[in-house]
Amino acid sequence: MKELIEYIARSLVEDPTQVVVEQERLGGKVRLELSVAKEDMGRVIGKSGRVANAMRILLRVAAAREGKQANLDVLEPR
Numbered sequence: 034m035k036e037l038i039e040y041i042a043r044s045l046v047e048d049p050t051q052v053v054v055e056q057e058r059l060g061g062k063v064r065l066e067l068s069v070a071k072e073d074m075g076r077v078i079g080k081s082g083r084v085a086n087a088m089r090i091l092l093r094v095a096a097a098r099e100g101k102q103a104n105l106d107v108l109e110p111r
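Each position in the sequence shown, counted from 1, maps to that position plus 33 in this note's numbering.
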């Protein structure tokens, strides 16, 4: 699941070296945190959050196939 989000994010951004995905497992639940460069935040979030929501949907489908639950958080760059 982590690889899926990394692949999608790297395909969207201009600087793929700045893409970082942290994964945390809590039983049957998986929490992913996505960080990208400040300049690429708009590309990852999309208009009205559509791209980020599409990524969340794909992640939930992939997790459901494995019998798990997953959540994606897009972190603000510092």
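For every residue, glycine included, the Cβ atom is placed at its ideal position computed from N, Cα and C.
Predicted, not measured: the structure shown is a model, and the values here were computed from it.
Output the boundary residues of the beta strand (DSSP E) element that contains Val52. Run containing Val52: none; DSSP gives neither H nor E here.
Just to confirm the assignment, what range does the alpha helix (DSSP H) spanning Lys62 have? Per DSSP, Lys62 belongs to no alpha helix (DSSP H); it is in the beta strand (DSSP E), 62-68.
What did DSSP end up calling Leu59 once you bin it into helix, strand or coil? strand
Go ahead and pull the three-state DSSP assignment for Leu108. coil
With distances taken Cα to Cα, identify the nearest neighbour of Val69 among Gly82, Val54, Gly79, Lys80. Val54
Residues that Ala103 bridges to, as DSSP identifies them: Paired residues: Val63.
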